[in-house]
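Chemist: The sequence shown begins at 112 in our numbering and counts up by one. Just so you know, even glycine gets a beta-carbon here, dropped at the ideal spot from N, CA and C. Keep in mind the model is a prediction, meaning the values are calculated, not measured.
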Amino acid sequence: MDVVIKTSYNMELVVLSYAISMIGAFIALVSAQRLTADTRDRQSYLINLGSAGIALGGIGVWSMHFIAMLAVRMDMGLGYSLWETCISLIAAICISAFAFHIVARDPHNIRRLLTAGMMLGMGAVVMHYLGMYGMRFGGYFQWDYGRIGLSVLIALVAATAALWLAFHTSQLSVRLLAAAIMAIAVCAMHYTGMSAAEFICTTENRRAIPSGPDIVSALGLPMVVITLALGMSLALLLDLALTSFQSHAQGTRRKDFAVSQLP
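(1) Between the C-alpha atoms of residue 249 and residue 156, what's the straight-line distance to the nearest angstrom?
(2) Answer yes if the stretch 225 to 232 comes into contact with the stretch 188 to 203, meaning at least three C-beta pairs across the two stretches below 8 angstroms, and no otherwise.
(3) Using the Cα positions of residue 320 and residue 188, report the straight-line distance between them to the nearest angstrom.
(4) Thinking C-alpha only, which one of 135, 165, 191 and 120 is nearest residue 294?
(5) To the nearest angstrom, report how far apart residue 349 and residue 159 are at their CA atoms.
(6) Identify the continuous alpha helix (DSSP H) that holds residue 319 and give its terminal residues.
(7) Quick check on residue 226 - is its C-beta less than 8 angstroms from some C-beta in chain C?
(8) If you measure between the beta carbons of residue 140 and residue 286, is that distance less than 8 angstroms?
(9) Roughly how many angstroms lie between the CA atoms of residue 262 and residue 154, to the nearest whole one?
(10) Helix, strand or coil for residue 232? Go by DSSP, reduced to three states.
(11) Buried or exposed for residue 346, going by 16 or more other Cβ atoms inside 10 Å?
(12) Excluding sequence positions up to five away, which residues of its chain have a Cβ less than 6 angstroms from the Cβ of residue 163?
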C-alpha cells in the first residue's frame with residue numbers, strides 16, 4: 112500500500128544551508144568584480160572565473176542543496192546515487208562560470224544579462240531536480256507542477272538579479288547585503304522545489320536504506336558535502352585575500368616608483 116511520508120525540517124540545518132549559500136554568493140560577488148572583458152592577464156581571468164563558478168554553483172547552490180536535504184526529517188531510509196550527484200556538481204559549476212563569462216564581456220548589455228540569467232537560473236533548476244532525481248528510496252515522487260513552475264520562476268529572477276549584483280556592487284557592505292539577498296533567493300527556490308514533492312513509500316520496511324556500489328547513505332553524503340563546502344570556501348577566500356594583497360603590493364610599488372622619478 113502506498114503511504115505518503117510526512118516531512119519536517121531541522122531548523123539549525125536550514126540556517127546552516129542559508130549560511131553556506133551566503134558564503135558562496137559573497138565569494139562569487141568578489142570574484143566577479145575582478146572579471147573584465149579587456150583583461151590582458153588571461154590566467155588571472157580564468158582563475159577568477161573559476162572561483163566565481165565554484166563559489167556560486169559549487170557552494171552557493173550545490174552544497175546548499177545537499178545540506179538542506181540533510182535538514183529534511185522523514186521516517187524513511189534514503190540514499191543518493193553518486194553519478195547524478197557528481198554530474199549535478201559539475202553542471203552547476205560550469206553553467207555558473209559560463210554565465211559569468213557572458214556578462215563579463217559587457218556588463219551593461221541587457222540582452223547578455225537576460226540570456227546569462229536564464230542560463231544560470233535553468234542551471235540551478237537542473238542541479239536541484241537532478242539532485243532529487245539521484246535520491247534513492249523505496250518509493251516514488253508525486254509532484255505539484257504548479258510549485259515546480261514557481262521554483263523555476265524564482266530561480267530565473269534570482270539568477271538574473273545575482274548576475275546584475277555581481278557586476279554592479281563594489282563596497283564591502285553592499286556585497287554582504289547582496290550576498291544575503293542572493294542566498295535568500297537560492298533557499299527560496301530550493302525549499303519551494305522541495306515543497307512540490309511528496310515522498311510516496313511503497314515498501315514494507317520504509318527505513319531500509321537502499322544499497323549499491325554507486326549509492327551513498329543520506330547520512331553520509333551531506334557530511335561530505337559540508338566538509339567540501341567549508342574546504343572550498345576557505346581555499347577561495349585565501350586565494351582572494353592573496354590576490355588582493357598582491358594587487359595592493361603592486362600598486363604600492365608603482366606609486367613608489369613614480370615618486371622616485373620626480374625631480
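Modeler: Taking the coordinates as given:
(1) 46 angstroms
(2) no
(3) 4 angstroms
(4) 135
(5) 13 angstroms
(6) Element bounds for residue 319: n/a, residue is neither H nor E.
(7) Absent from the structure: chain C. Only one protein chain is present.
(8) yes
(9) 36 angstroms
(10) helix
(11) exposed
(12) 139, 142, 143 and 211
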